RNA sequence: GGGCGGGUAGCUCAGUUGGGAGAGCAUCGGCCUUACAAGCCGAGGGUCACAGGUUCAAGCCCUGUUCCGCCUACCA
């Protein structure tokens, strides 16, 4: 047997055990096993990613589940991988090139993509190493990348099928355009932030130069794209217009006045400038009235020819210029400060422009309907349920999904146009010639697909689809998806849509939505805010296990996590406590590892086994329903306060041989049994330290991962449950606590051994105390323990009252009687408040008439106990007073 | 504008069918008691945001108010 070091040093063991697990293939999922399957696909981190708190929480929870299920005998597949993260990755590599004085345009598309692959080879696996550092037990041999050959094939197949089913189409629509990233963005990729700008009221005169209509806008520069002014058909103010046209200032062209119910009569003057090419609503209005679409801002954010002399000017510069030009012509009626929400690119924060553009879209409605149904029917459960309405709400109001991106890094859209006949061909493979005119000159679309398009296929594309693989058969649908709510729409809803459509089955049975890890103000952690706590540093400092345990303990459903290093430190202490308890156990167990018998004699042994059995129940039911914090809390409470504080101390006399050889042997076996199994219960949360201790235990072979998780329903261990031992043990602990309380309150040194008298009229209680006197004497530091029937109260004694007994600690000449009176009066005061409440209930007719009998019984019992105590306290005080 | 979540001890937070207000950290007092000072023992500390209501009984259910946070949105 190896002795353990005095303190646990995580750095020394974590790497070692991770390598051991990988070497022993502990994370490998079997394609042949007949055991029940359990599968999770990891939310693929961006290949550019660096491990942050969000990953850490997400991965820890998945690892807890996977390790738990493996120990329970499931055939577990945890599918790992990374996401190619189109825009993000392109940005990273572009920045790197820029540092070398190069640009992607200099390189050209092909060379640039080579450069991205090169970059991925060099630094793309950083995040994977960091996940391993966390202890993630993924089946790494199966690692996938969204740009892998296989996954790309799946992407093309899905695209082509959706196209032929009429669920993908190409067309001219208003989309969100980022001028910096130079690409379209989906609605989800636009973040709305409130900014303070101006609302400009501009007069568009009638052709006769008279009055005209006053329109209000936040973006005056778009006026060059105006092709109408709209008013509400029922607006009284415009009942008698002198003209059906107005003159567009600066441009000088005439535009129509149209009537559309979309216009709000209470906003501004009730006249709306209509710019179909630069506003989604105006676009719709334009369609209804057949208005021309004039694009006046180009893809670089510069004004086009349509802006006349402002052509070539930056859009924001142009805004100022337009305003001052209008002022000169006296056409600005007023400028009022205006707060409104403006869309920003989620990647680079540039102000996004609604822009007319030819893009590819997924027709989302039909797909969304099935995704809603699946949750309504319970085929997929969302946990906690509070997220379900959000899910429905978004899917019910879903708009078509713009999937084309004008960047280079990603899955190029598998569509070609014939240069000759202009036919559009959508196909898995590049066609040799145009099927229509047979001409070989075909040009592929340059656009790539939204990154989330490939992520949407992740649950089945990673398992080999479109091939029919054994993996799919065994592990699809997956058991649970663990994710943060921030990607519920981006990802979860879309996986549901694609999974149902292509696999004819939901991608996961459960969706566990965990909290977001925030900073102390409740803000998302972000580099720009400087409020980031780096998980890697936390792990360095406190150990991975402590960090994981903290995350699990924090993971209460429905509430965000505010990360605090203090908490991690606290749980490091817990790890160390476990370590030292194991050290203690090893010192006493010796070389052999006796098995427990089907029956144990000593009370502490009975008690801890009963408590242990209870722990198994709590842990399993908590983990089965994703109450990670409950499981962690129960384990913490058990290990520290039940196992260490009470059991190990109570077991000492037996372990030191003071209670005979039989009890000593029995205690060794129970100590070993409980420790061993508790380590297994803890392993999903703190894999490293449990594996380390496991290998030091006598009689263990191989990895702790080979053992089986205790079952709450196991008939063979049903006998462990022992309520009688729990009742008896509580007598013992009450006495010990009572004596300790006196010692503490009276400032008596622990080195001072006390004389203690226990008086009770309950023979059973006296018997329990007598037969466990050794434990009480040891733990309460008693020199002389007497147990007797209720009788004469001891003189000059400190007194404590517990259920069914009174404890006297004679302290003649040692204690200050006035101080003791004070202490007792404080006790009385405490009881009185409670007693009043209880009495009030019992005097209440309604309570007695309407409350269930078991509750009334409980209250009566409590009343009896409290009033007896109070009476005894009062008697004791009176008695002491009579001495003074 | 709409929706959701939250306000519980000094701090960070648990509290799952309504029936004993809890943990960790911090604080105070006492201890090197042969696993552990990263420890042990003891103690103090809360009108459960506010106001009503339902109930024999409310931190928990209902209504309103207020403060904070998040998500979402095409009123220029």
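Residue numbers (the working numbering): 24 to 907. Where a beta carbon is used, it is the ideal one built from N, C-alpha and C, also for glycine. Given the structure is predicted, the values throughout are model-derived calculations rather than measurements.
In chain order, 211 and 475 place their CB closer than 6 Å to the CB of residue 513, counting only its own chain and leaving out the 5 sequence neighbours on each side.
Taking the CA atoms as reference points, residue 891 sits about 23 Å from residue 766.
The C-beta of residue 558 has 16 or more other C-beta atoms within 10 Å across all chains shown, which makes the residue buried. For residue 590, the closest alpha carbon among the candidates 604, 561, 602 and 582 is that of 561.
By the Cβ neighbour-count rule, residue 271 is buried, with 16 or more other Cβ atoms within 10 Å of its own. Here DSSP, grouped into helix, strand and coil, assigns residue 357 to strand. With respect to the C-alpha of residue 411, the residue from 511, 722 and 421 having the closest C-alpha is 511. A check of alpha carbon separations from residue 189 across 195, 196 and 181 identifies 181 as the nearest. Counted as a single uninterrupted DSSP element, the beta strand (DSSP E) harbouring residue 535 occupies residues 531-537.
Using a Cβ distance threshold of 7 Å, residue 68 and residue 78 count as a contacting pair.
Rounded to whole angstroms, the gap between the alpha carbons of residue 350 and residue 329 is 21 Å. Taken through DSSP and simplified to helix, strand or coil, residue 468 comes out as coil. If you ignore the 5 residues before and after residue 672, its C-beta comes within less than 6 Å of the C-beta of 802, all in its own chain and listed in chain order. Taking 7 Å as the cut-off, the beta carbon of residue 480 is found no closer than this to the beta carbon of residue 487. Here residue 531 is actually not in contact with residue 483; their C-beta atoms are around 11 Å apart, not less than 8 Å. Secondary structure at residue 432: coil, using DSSP grouped into helix, strand and coil. At least 7 Å separates the beta-carbon of residue 191 from that of residue 380. In the DSSP annotation of this structure, the continuous segment of the alpha helix (DSSP H) that includes residue 494 starts and ends at 493-498.
Linking residue 390 to residue 87 through their CA atoms gives a straight-line distance of about 33 Å. Just so you know, the alpha carbons of residue 160 and residue 40 end up roughly 12 Å apart. Of the residues assessed, residue 860 falls on the exposed side of the cut-off, its CB having fewer than 16 other CB atoms within 10 angstroms. Note that the C-beta distance between residue 299 and residue 316 is below 7 Å. Here residue 383 carries a strand assignment [DSSP, helix/strand/coil].
One alpha carbon belongs to residue 876, the other to residue 700, and they sit about 40 Å apart.
Contact between residue 781 and residue 837 fails: their C-beta atoms lie close to 19 Å from each other, not under 8 Å. Looking at 174, 205 and 905, the one whose alpha-carbon comes closest to that of residue 320 is 205. DSSP lists 384 as the beta-bridge partner residues of residue 425. The beta carbon of residue 71 lies closer than 7 Å to those of 108, 111, 112 and 115 in the same chain, with the five residues before and after it left out. Take the alpha-carbon of residue 539 and the one of residue 659: they are about 24 Å apart.
By the Cβ neighbour-count rule, residue 814 is exposed, with fewer than 16 other Cβ atoms within 10 Å of its own.
In this structure, DSSP gives residue 326 an extended state, which the three-state scheme calls strand. Spanning the alpha carbons of residue 505 and residue 582 requires a straight line of approximately 15 Å.
Rounded to whole angstroms, residue 795 and residue 762 show a C-alpha spacing of 15 Å.
A direct Cα-Cα distance of roughly 29 Å separates residue 306 from residue 394. Between residue 586 and residue 619, the CB-CB gap reaches or exceeds 7 Å. Residue pairing from DSSP places residue 208 in a beta bridge opposite 199.
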